[in-house]
Structure formats: structure tokens, C-alpha cells
Amino acid sequence: MFIELRVYTGLEKYLGISHGEKMAVAFDGDTTIRDILGRYNIPAVEVTAALVNGLHKTLDYCLQDGDRVSLFPPVGGG
Amino acid sequence: MVDLSPLQEKRYHRNIQVPCIGVEGQKKLLSSSVLVVGAGGLGSPAAYFLVAAGIGRLGIADGDIVDLSNLQRQILHFTADLGRPKVESAADKLSALNPDCEIVMHPYVITQDNACEVVAQYDLVIDATDNFASRFVLNKACLDTNRPFIHAAVLSMAGRVMTILPHQGACLRCVFREPPSPTAKSTFELGILGTIPGIAACLQATEAIKYLLGQGELLVNRLLIFGGLSMQFETVAVLRDPECPDCGL
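As given, the protein sequences belong to chains A and B, one line each in that order.
Residue numbering for the first sequence follows my numbering, starting at 49 and increasing by one per position.
Residue numbering for the second sequence follows my numbering, starting at 489 and increasing by one per position.
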């Protein structure tokens, strides 16, 4: 099974991809967003929001085949 | 609506020439009101362009004073303004820029206690704050008073913008459910290039004007994210969340 993963605003460095580039990530069985963070050594503190198919999900969400996952770091300045 | 004076026809000529504005659109802008919450990196350029465009009444809310470290990005404030309340410094420049625009100062922090009362005095709210707590208060107040809320946030070399039409599309908490961890790095640690909030604020002002004119496609259910280094702009589709604590069904 695969998800389509996109990361933004500095998280790209953990995946070695560029801004907005999508990445297909294979997984087996019960895998959460947190598991994906672990696989790429993305610190959970650096992810302030995760969207799956456009909807907010916690990091403990169990991924489904074909999910479109977007991860956002804390960006709060003004 | 009152007709434009000859001086206004000249001042707003380049607006009026834009097909989606015209004379009627300019009159709409002159009879509109916008609240800009925050007179810093986002608020300075957003307020500047809105006042230049001829928004009739602009409120500016901020409880802070001008600090030397603000001046590389907060373009409404000058070296001579150090130590002054930001709203006073901002109001001086904005009044001088366009006497058509009434500038209303709110020299205090917008909180849960005063948010709805202040927000309800305006047609639309610009999020030019620098923290999630204030953003969540404003998001809820805009939902409660049915005011459009144009969000932006920036850090280092990146930024994002989203337009929230209450109960019609995703709100801020549909996407960002919790504030970042207290250990998350801020502009103090990671810095911010002054042009980055400038870009985001120009997008916010454009969204505000489009909304007030009823023109174009707004960033509703779309989170625009840009990177200053890659100079890539991308929109991410977002959905209104039935389980959102602020706007959930």
C-alpha cells in the first residue's frame, strides 16, 4: 500500500525533496502518521498539523491505501 | 453611494481602470471597513495597501510599542517612532497616505473578552498577529460574528495565506487544531526576511479587496504556501471539518 506524502516549509530536508514535491511512501499493515515521521526522522515537535485528504488528523491516525498526507511545521510569525 | 470627487477620480484612476473594479468598485471600497489585527510585519504592508486602495475605514489593533528589532520588516514604523505605541505610529503614516480613509486605533491586545465587540465593527478581519493564541481568538470571533477572516503566518523564508468565510469553508482550526509546541522555534530564533511578510500581506490585502468587491476566486478551502528560497507557490486543498471545535457541525 502507498500514501502520497507532501511536506512543507522546511520539512523537505528530512525527505530530500523540494517544496511541494510529492513522494509515494509504501507501508504495510497498521501504520500511523507518527510511524512515518519516525521512518524519516522527522521530530514530532516539528509537525504542527497533518492533513489527510484535506482533513485534520492526529499523528495517531492509521493510514489507508491512497491517502494524500500533508505535513506542516509550526509557522506562526507575523 | 456618494459619487467620486475629481480628486478621487485621479487618486484611484489606476484602480478604476482595472475591469473588475471600475468606478462602482472604488465606491464600494470607500464604503468598506477592515480591521487589521497586528501592526507588525504583516500588518504594516497589509494596512498600507488597503489604505492606499481607498478602504473607507481601517481599524488597527496592537498593544505593543515600536522596538528597534521591528524596523527591518515593519515598514509603517520609522526610527523616530522607537518607543511609541505601534497603533499611533501606524495611524500617523496611514492618515498621511490617504485622507479619504478613517483610521481607528485599538491600542490594546485583542482577547476573548473584547474580540467579538471589536470585530463586529468591521466588514472583514486581517490576521496580522504573531501567535496562535490570538489567531484562535480571532478565528472564533469571526465565526461568531460572521466576518471573513484572512489568515497569514510567516517564518524565516516561508509563509502561508488562507481566507476563511465563516460556515462556508474550512476555518483556521479545521486545519491547525492546536497551537505549536512551546519549544517550537519562532522568528526570534529562525529569523524572518522582511519581504516574506510583505509578500503574505500583499496576498491578504488582495484577498480582502476581492472579497469586498465580490470578485475572483478566494483562497477558501485552499491553503496557499510559498517558499521564498524556492520561489514556489502552491495551494493545498483543505476541507471544513465536521469535528472542528470552532465551526464543527
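C-beta atoms are modelled at their ideal positions from N, C-alpha and C, and glycine is treated no differently.
These figures come from a predicted structure and were not determined experimentally.
In the DSSP assignment, find the beta strand (DSSP E) that holds B:Ala535 and state where it starts and stops. To locate residue 535 of chain B, count along the second sequence from 1; it is residue 47. Note, B:Ala535: premise wrong, no beta strand (DSSP E); alpha helix (DSSP H) at Gly531 to Ala541.
Using only CA atoms, which one of B:Lys628, B:Ala535 and B:Pro587 lies nearest to B:Ala549? Working through the second sequence from its first residue, we reach residue 549 of chain B at position 61. With distances taken between Cα atoms, B:Ala549 lies closest to B:Ala535.
Starting from B:Gly715, trace the alpha helix (DSSP H) in both directions and tell me its first and last residue. Start at 1 with the first residue of the second sequence, and residue 715 of chain B comes out as number 227. Not the alpha helix (DSSP H): B:Gly715 falls in the beta strand (DSSP E), residues Arg710 to Gly715.
Only counting the same chain, and skipping five residues up and downstream in sequence, which positions put a Cβ closer than 6 Å to that of A:Ala74? Taking the first sequence and counting its residues from 1, the one referred to as residue 74 of chain A is at position 26. Here the set comprises Phe50.
Taking a cut of 8 Å between CB atoms, which residues from the stretch 669 to 686 of chain B lie near chain A? Ser669, Thr671, Ala672, Lys673, Ser674, Thr675, Ile680 and Pro685
What is the rounded straight-line gap between the Cα of A:Val100 and the Cα of A:Arg116? One-based indexing of the first sequence puts residue 100 of chain A at position 52. One-based indexing of the first sequence puts residue 116 of chain A at position 68. C-alpha separation (whole angstroms): 5 Å.
Could you check if A:Pro122 is buried or exposed, using at least 16 other CB atoms within 10 Å of its CB as the buried criterion? Here residue 122 of chain A corresponds to residue number 74 of the first sequence, with the count starting at 1. Answer is buried; the Cβ neighbour count reaches 16.
Exposed unless 16 or more other CB atoms sit within 10 angstroms - verdict on B:Gly702: Locating residue 702 of chain B in the second sequence gives position 214, counting from the first residue. Label assigned to B:Gly702: exposed.
DSSP state of A:Gly58, grouped into three classes? Reading the first sequence from its first residue, position 10 is the one you call residue 58 of chain A. Three-state result, A:Gly58: coil.
What are the residues of the stretch 95 to 115 of chain A that lie near chain B, defined by any Cβ-Cβ distance shorter than 7 Å? Thr96, Ala97, Leu99, Gly102, Leu103 and His104
Extent of the continuous alpha helix (DSSP H) to which A:Val95 belongs: Residue numbering aside, residue 95 of chain A sits at position 47 when the first sequence is read from its first letter. Counting along the chain, A:Val95 falls outside any alpha helix (DSSP H), and DSSP gives it neither H nor E.
Using the beta-carbon count (16 or more within 10 Å), is B:Ala629 buried or exposed? Walking along the second sequence from the start, residue 629 of chain B turns up at place 141. Classification of B:Ala629: buried, given that the 10 Å Cβ count is 16 or more.
Taking the straight line between their C-alpha atoms, what separation do you get for B:Arg728 and A:Leu53? By 1-based counting over the second sequence, the position of residue 728 of chain B is 240. By 1-based counting over the first sequence, the position of residue 53 of chain A is 5. Each residue's alpha carbon lies about 21 Å from the other.
Nearest chain A C-beta to B:Thr739 closer than 8 Å, yes or no? Residue 739 of chain B lies beyond the stretch modelled for chain B, which goes from 489 to 737, so this question has no answer here.
Let me see if you follow: with CB-CB separation under 8 Å, is B:Leu556 close to chain A or not? Your numbering for residue 556 of chain B matches position 68 in the second sequence. No, its Cβ sits nowhere closer than 8 Å to a Cβ of chain A.
If you count every other CB in all the chains shown that lies within 10 Å of the CB of B:His501, and 16 or more means buried, which is it? As a working note, residue 501 of chain B is residue 13 in the second sequence. B:His501 comes out exposed.
Quick check on A:Leu103: does DSSP put it in helix, strand or coil? The sequence position of residue 103 of chain A within the first sequence is 55, counting from 1. If DSSP states are grouped into helix, strand and coil, A:Leu103 belongs with the strands.
Tell me, which residues are paired with A:Ser118 by DSSP? As a working note, residue 118 of chain A is residue 70 in the first sequence. Answer is A:Arg54 and A:Leu99.
Segments assigned beta strand (DSSP E), at least 3 residues, entirely inside the stretch 654 to 715 of chain B: 710 to 715
Return yes when the Cβ of B:Val663 is within less than 8 Å of the Cβ of A:Ala92, no when it is not. Walking along the first sequence from the start, residue 92 of chain A turns up at place 44. Walking along the second sequence from the start, residue 663 of chain B turns up at place 175. No; because the gap between Cβ atoms is not below 8 Å, this pair is not in contact.
Beta carbon of B:Arg545, beta carbon of B:Ser521: below 8 Å? Position 57 of the second sequence, counted from the first residue, corresponds to residue 545 of chain B. Position 33 of the second sequence, counted from the first residue, corresponds to residue 521 of chain B. Yes, they are a contact pair.
Start and end residues, alpha helix (DSSP H) containing B:Gln720: In the second sequence, residue 720 of chain B corresponds to position 232, counting from 1. No alpha helix (DSSP H) contains B:Gln720, which is instead part of the beta strand (DSSP E) from Gln720 to Ala725.
Helix, strand or coil for A:Asp83 per DSSP? Locating residue 83 of chain A in the first sequence gives position 35, where the first residue counts as 1. Here A:Asp83 sits in helix by DSSP.
Just to make sure I have the definition right: I need the residues of chain B whose C-beta is within less than 8 Å of the C-beta of A:Val123. Which are they? Translated into positions along the first sequence, residue 123 of chain A becomes position 75. Ordered by position in chain B, the residues that pass the 8 Å Cβ test against A:Val123 are Ala641, Val642, Leu643, Ala646, Gly647 and Arg648.
Secondary structure of B:Ser644, DSSP reduced to three states: What you label residue 644 of chain B is simply residue 156 of the second sequence in a count that begins at 1. Strand at B:Ser644.
Can you give me the C-alpha to C-alpha distance between B:Ile504 and A:Leu107, rounded to a whole angstrom? If you number the second sequence from 1, residue 504 of chain B lands on position 16. If you number the first sequence from 1, residue 107 of chain A lands on position 59. Distance between the alpha carbons of B:Ile504 and A:Leu107 is about 49 Å.
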